[in-house]
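Structure first, commentary second.
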RNA sequence: GGUCCGGUAGCUCAGUUGGAUAGAGCAACAGCCUUCUAAGCUGUGGGUCGCGCGUUCGAGCCGCGCCCGGAUCACCA
């Protein structure tokens with residue numbers, strides 16, 4: 001698509017060549033949107049050209065300005081401030097842009113498929129405790145990045161690798177056997193994941209008591225911890241599980257089902273989903289053969305004790321264990337195996353792992369070892385690393401009970417949304433069900449925006465006592481703006497008005513131009529967000545647009561305008577603004593209520 | 001100690017390939033509901049962009065050195 005930006009860049013190149021005899025590429029032309037405090041739409045930075053012109057920045061800008069005005073019809077005027085050439089594009093052009101955008105029913109989404117396919121693995125919970133705020137960040141990032149890639153025309157397979165086996169799972173199983181007395185989630189009326197999580201905590205409590213008791217009886221600390229009876233029982237249970245003992249497997253399956261049902265509910269509430277779910281219990285032995293082949297090929301080495309290692313010292317890293325003395329796999333080995341399978345089974349161009357930054361090293365090593373093993377896809381695995389969510393007192397620690405539970409947080413936010421809405425009397429006339437739907441959308445909008453507006457790789461802060469705001473730079477502000485736009489459209493409909501293409505001869509005000517320019521930027525923002533795997537760019541864009549519209553809305557009446565053409569343009573602008581906001585926010589999973 | 005990531009207003013965060021006087025929100029203060037939604041709008045105050053040196057016409061952004069914080073370097077996952 002040829003935009004005015006491309007035309008300007010091309011003409012500047014031409015002008016520099018004709019006037020100063022220097023040849024440069026279009027990308028060397030520094031074009032930026034003119035800052036609000038100056039008049040103009042695009043600004044050419046002319047400092048770099050002064051070495052060719054041999055003149056002052058001002059004189060050079062003046063010359064270029066003249067040239068551009070003569071050669072480009074859309075250039076209406078220009079002004080020069082220091083070395084900055086501000087170009088004013090005609091109102092006609094911007095109205096044309098608005099009309100073109102308005103014809104695109106899926107504005108912001110790529111029109112054509114790219115042919116690229118991504119697999120995105122995210123969430124990946126342990127089935128021994130409920131989801132917390134850290135998982136929320138993971139889930140929202142994974143889902144949103146998937147949506148953004150889809151919007152860019154890529155195919156995306158969203159997958160979840162459920163960590164459903166291991167000693168931590170056995171701990172809650174043992175605790176349930178010993179202390180539950182036959183209790184089930186249904187019987188005590190508790191969500192399955194919370195129910196099982198309670199027994200995981202119960203295990204830890206019992207374990208600590210046993211360790212303290214044994215230390216008091218004079219047993220050395222390390223032995224007290226390593227040989228605590230309940231821990232031995234958990235280990236024994238893991239052995240039975242791996243041996244396929246039917247009773248153990250049955251209990252394991254039963255408790256896992258409880259947890260998974262609980263997760264399913266939380267996922268549904270958050271609005272995230274998966275195309276495929278992997279279970280670690282089915283994949284944990286994978287990778288072993290690949291490692292053995294690497295050993296045979298001489299890429300890996302075996303220690304005397306029997307364990308198999310990769311030597312990464314050549315890459316500035318350490319030695320990495322891949323098979324234990326007893327021949328069993330470690331986490332890394334499994335990941336090699338599952339990645340291998342996935343690249344073979346699906347025709348994927350890139351595999352993205354949404355995993356916290358504490359595993360940066362792991363993924364660095366994974367990529368290196370896969371490369372050593374000779375897999376062509378080794379460099380097509382990417383770790384989408386995100387920072388932790390911290391509380392005012394520091395990291396969340398499940399052992400210290402400082403985790404912010406996902407279900408609790410969401411429920412609390414829905415309550416706040418409900419209370420606020422009722423206090424403001426916003427939804428009078430809505431049925432109970434309709435209103436609840438809005439409370440849910442607003443609460444989740446607040447949560448999602450709060451999480452996604454922050455650069456993924458940064459550690460972020462959550463203060464439970466302040467919770468998450470509904471005013472200001474928030475999701476609800478964006479939703480509110482949309483609801484206002486919808487309200488305008490409803491009112492317009494009542495008086496028999498619907499937006500038609502705008503008249504090019506009716507000039508736009510400055511504020512209207514700003515909004516058209518912002519709306520026009522959406523496809524670029526979506527592309528950039530995709531290239532950077534960063535929903536934050538889109539989140540901040542949606543907010544900027546909403547803020548701009550609110551100011552516009554305050555300054556200009558939309559329906560009260562006397563001139564039909566002006567009213568129509570403003571209505572069209574409002575409608576398109578709504579489309580852009582809805583689509584941008586939609587890629588973040590933020591739903592727009594019709595009223596709020 | 002090695003590697004990686006961060007440090008921007010009292011707090012939470014933005015800040016495009018290096019560009020003009022570094023921006024929002026929250027909190028504080030002062031205004032605005034007879035008007036299409038006040039979850040809003042307008043205004044005031046608030047900054048040594050961790051510190052230093054360098055590159056550049058120009059540095060929050062690039063380079064080097066340091067300071068502070070975090071993560072990680074398991075026969076755990």
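Residue numbers (my numbering): 1 to 596.
Where is the CB? At the ideal position from N, CA and C, for every residue including glycine.
As the structure is a prediction and not an experimental result, all values here were calculated from the model.
* **Status (buried if at least 16 other CB within 10 Å, exposed otherwise) for residue 593** => Position 593 of the first chain, counted from the first residue, corresponds to residue 593. Residue 593 is buried by the Cβ-count criterion.
* Out of curiosity, what's the CA-to-CA distance linking residue 475 and residue 540? -> Here the question's residue 475 lines up with position 475 in the first chain. Here the question's residue 540 lines up with position 540 in the first chain. Their Cα atoms are separated by approximately 10 Å.
* Asked: Per DSSP, what kind of secondary structure is residue 110 in: helix, strand or coil?
  -> In the first chain, residue 110 corresponds to position 110, counting from 1. Of the three classes helix, strand and coil, the one that applies to residue 110 here is coil, per DSSP.
* To do: Go through the segment 72–157 residue by residue and report every complete run of the alpha helix (DSSP H) that reaches 4 residues or more, in order.
  => 91–103 and 133–151
* Select from 89, 265, 194 and 188 the residue whose C-alpha is nearest the C-alpha of residue 172. => Position 172 of the first chain holds residue 172. Selected option, being the one with the closest Cα: 194.
* To do: Kindly indicate which residue of 187, 335, 242 and 311 has the alpha-carbon position closest to the one of residue 278.
  => To locate residue 278, count along the first chain from 1; it is residue 278. Selected option, being the one with the closest Cα: 335.
* To do: Enumerate in chain order the residues of its own chain whose CB-to-CB distance from residue 248 is below 7 Å, with the five nearest sequence positions on each side excluded.
  => Position 248 of the first chain, counted from the start, is the residue given in the question as residue 248. Excluding sequence neighbours, residue 248 sits near 237, 240 and 241.
* If we count Cβ pairs, one from each stretch, closer than 8 Å, do we get three or more for the segment 139–155 versus the segment 178–187? -> no
* Nearest to residue 599 by CA position, among 403, 401, 400 and 443, is which residue? -> The question about residue 599 has no answer, for the chain in this structure spans 1 to 596.
* To do: Closer than 6 Å by C-beta to residue 136: which residues in its own chain qualify, once you throw out the five before and the five after it? Chain order, please.
  => The residue labelled residue 136 in the question sits at position 136 within the first chain. Answer for residue 136: 406, listed in chain order.
* To do: Tell me whether residue 37 sits in a helix, a strand or coil according to DSSP, three-state version.
  => Looking up residue 37 in the first chain gives position 37. Reduced to three states, the DSSP call for residue 37 is coil.
* To do: Kindly indicate which three-state DSSP category residue 56 falls into: helix, strand or coil?
  => Against the first chain, residue 56 aligns to sequence position 56. Three-state result, residue 56: coil.
* To do: Run the CB neighbour count on residue 14, radius 10 Å, all protein chains shown included, and call it buried at 16 or more, exposed below.
  => Translated into the one-based positions of the first chain, residue 14 becomes position 14. Exposed: under 16 other Cβ atoms inside 10 Å.
* Would you mind working out which of 484, 383 and 432 sits nearest residue 457, comparing C-alpha positions? => Within the first chain, residue 457 is the residue found at index 457, counting from 1. Residue 457 has its Cα closest to that of 383, out of 484, 383 and 432.
* Near residue 154, which residues of its chain fall below 7 Å by C-beta distance, leaving aside the five closest residues on each side in sequence? -> As a working note, residue 154 is residue 154 in the first chain. Only 114, 116, 117 and 118 meet the Cβ criterion.
* Asked: Buried or exposed: which applies to residue 301, given that a residue is buried once 16 or more other Cβ atoms fall within 10 Å of its Cβ?
  -> Mapped onto the first chain, residue 301 falls at position 301. Residue 301 is exposed by the Cβ-count criterion.
* Can you check whether the CB of residue 445 is closer than 8 Å to the CB of residue 590? -> On the first chain, position 590 is the one that residue 590 refers to. On the first chain, position 445 is the one that residue 445 refers to. Cβ atoms of residue 590 and residue 445: closer than 8 Å.
* Euclidean distance between Cα positions of residue 481 and residue 459 -> Reading the first chain from its first residue, position 481 is the one you call residue 481. Reading the first chain from its first residue, position 459 is the one you call residue 459. Rounded to the nearest angstrom, the two C-alpha atoms are 29 Å apart.
* Rounded Cβ spacing between residue 7 and residue 29 (contact assumed at less than 8 Å) -> Sequence index remark: in the first chain, residue 7 carries index 7 (1-based). Sequence index remark: in the first chain, residue 29 carries index 29 (1-based). With 8 Å as the limit, residue 7 and residue 29 do not qualify as a contact, their Cβ atoms being about 11 Å apart.
* Please confirm whether residue 515 and residue 462 have their CB atoms less than 8 Å apart. => The residue you call residue 515 lines up with position 515 of the first chain. The residue you call residue 462 lines up with position 462 of the first chain. No; because the gap between Cβ atoms is not below 8 Å, this pair is not in contact.
* In its own chain, which residues sit with a C-beta less than 6 Å from the C-beta of residue 349, not counting the 5 before and 5 after it? -> Residue numbering aside, residue 349 sits at position 349 when the first chain is read from its first letter. Correct list, in chain order: 116 and 117.
* Asked: Using the C-alpha atoms, what's the distance from residue 296 back to residue 468?
  -> Here residue 468 refers to the residue found at position 468 of the first chain. Here residue 296 refers to the residue found at position 296 of the first chain. For residue 468 and residue 296, the distance between alpha carbons rounds to 56 Å.
* **Nearest-angstrom Cα separation, counted from residue 64 out to residue 565** => Counted from its first residue, the first chain places residue 565 at position 565. Counted from its first residue, the first chain places residue 64 at position 64. In a straight line, the C-alpha of residue 565 is about 35 Å away from that of residue 64.
* Assuming residue 413 and residue 447 form a contact by the criterion Cβ under 8 Å, report the distance between their Cβ atoms to the nearest whole angstrom. => As a working note, residue 413 is residue 413 in the first chain. As a working note, residue 447 is residue 447 in the first chain. That belief holds up - the Cβ atoms of residue 413 and residue 447 are roughly 6 Å apart, short of 8 Å.
* Evaluate residue 217 with the Cβ neighbour count: other Cβ atoms within 10 Å of its Cβ, from every protein chain shown; 16 or more gives buried, anything less gives exposed. => To locate residue 217, count along the first chain from 1; it is residue 217. The residue in question, residue 217, is exposed, as its Cβ has fewer than 16 Cβ neighbours within 10 Å.
* Assuming residue 679 contacts residue 274 (C-beta within less than 8 Å), just tell me the rounded distance between them. => The chain is shown only over 1 to 596; residue 679 falls outside these bounds and no answer can be derived.
* In three-state terms, what does DSSP make of residue 27? -> As a position in the first chain, residue 27 is number 27, starting the count at 1. Correct three-state label for residue 27: helix.
* To do: Tell me whether residue 428 is buried or exposed, calling it buried when 16 or more other Cβ atoms sit within 10 Å of its Cβ.
  => The count along the first chain starts at 1 and reaches residue 428 at position 428. The residue is exposed, with fewer than 16 neighbouring Cβ atoms inside 10 Å.
* To do: Please go through the segment 238–326 and give each complete beta strand (DSSP E) segment of 3 or more residues, from N-terminal end onward.
  => 276–279, 308–311 and 319–323
* Write down the C-beta distance between residue 571 and residue 499 rounded to the nearest angstrom, noting that I regard them as a contact closer than 8 Å. => Working through the first chain from its first residue, we reach residue 571 at position 571. Working through the first chain from its first residue, we reach residue 499 at position 499. About 4 Å separates the two Cβ atoms, so the contact holds.
* Return the chain-ordered list of same chain residues with a C-beta closer than 7 Å to the C-beta of residue 342, the five sequence neighbours on each side being excluded. => Within the first chain, numbered from 1, the residue matching residue 342 stands at position 342. Cβ neighbours of residue 342 beyond the five flanking positions: 119, 348 and 351.
* Asked: In terms of alpha-carbon separation, which member of 298, 574 and 252 lies closest to residue 546?
  -> Position 546 of the first chain, counted from the first residue, corresponds to residue 546. Checked all of 298, 574 and 252; the closest Cα to residue 546 is 574.
* **Reduced DSSP category for residue 581 - H, G, I as helix; E, B as strand; rest coil** => Position 581 of the first chain, counted from the first residue, corresponds to residue 581. In the structure shown, residue 581 sits in a helix (DSSP, three-state: H, G or I).
* Got a sec, what are the start and stop residues for the beta strand (DSSP E) residue 42 sits in? -> Residue numbering aside, residue 42 sits at position 42 when the first chain is read from its first letter. From DSSP, the beta strand (DSSP E) with residue 42 extends over 42–45.
* What number of angstroms, rounded off, separates the C-alpha of residue 196 from the C-alpha of residue 532? -> The residue labelled residue 196 in the question sits at position 196 within the first chain. The residue labelled residue 532 in the question sits at position 532 within the first chain. When rounded, the distance between both Cα atoms is 38 Å.
* **Beta-carbon proximity of residue 228 to residue 211, cut-off 8 Å** => For the purposes of this step, residue 228 is taken as residue 228 along the first chain, with counting starting at 1. For the purposes of this step, residue 211 is taken as residue 211 along the first chain, with counting starting at 1. Cβ distance < 8 Å, so residue 228 and residue 211 count as in contact.
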